[in-house]
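With this note's numbering as the guide, the letters of the sequence shown map in order to residues 860 to 977.
Encoded as structure tokens, the structure appears first; notes follow it.
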Amino acid sequence: MEGRISEEMAALTWAGIGIVFAVLALIAFVISVIKRLDDRWQAAEAKADAKAVLKPATIDETTLVLISAAAAVAVGGRFRVRRIRRLLSPKTKRTPWSAQGRLILQGSHAPSRQRDLR
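So this is what it looks like as structure tokens:
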């Protein structure tokens, strides 16, 4: 039996090679399906972004003045509000993880309440 391949060994070898190629084909198919789904989702997001750009601003002058006044009180000085944007849309599902992270980040950037009395 030395140096010779029996029929059983050859059958097992071909079965192993067949299984490997079948699994590779399955993986390639799954990747192509995921790519197609991702392309569809990106197209839908691009379409939604294009619609959002065409919408007029939804903030009125009173709201802008109130936000500016609140920011002036918190910072304690004069400044210019250049842009106001919503972090999450009302339709976005909020998770406790993202809310906690946002609270920690915004809390670490809190201005000091001490005023310079020169």
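Virtual Cβ for every residue (Gly too), placed ideally from N, Cα, C.
Suppose contacts are defined by Cβ-Cβ distances below 8 Å. Is residue i in contact with residue j by that definition?
{"i": "Arg-937", "j": "Ala-931", "result": "yes"}
Under the criterion of a Cβ to heavy atom distance below 7 Å, does residue i qualify as lining the ligand HEM?
{"i": "Met-868", "result": "Within the structure as shown, the ligand HEM is missing, as the structure has no ligands at all."}
Is there a Cβ of chain B sitting closer than 8 Å to that of residue i, yes or no?
{"i": "Lys-910", "result": "Annotation note: the requested chain B is absent from the structure, which comprises a single protein chain."}
Quick check: the segment 938-945 against the segment 911-930, are there 3 or more CB pairs under 8 Å? Short answer: they touch.
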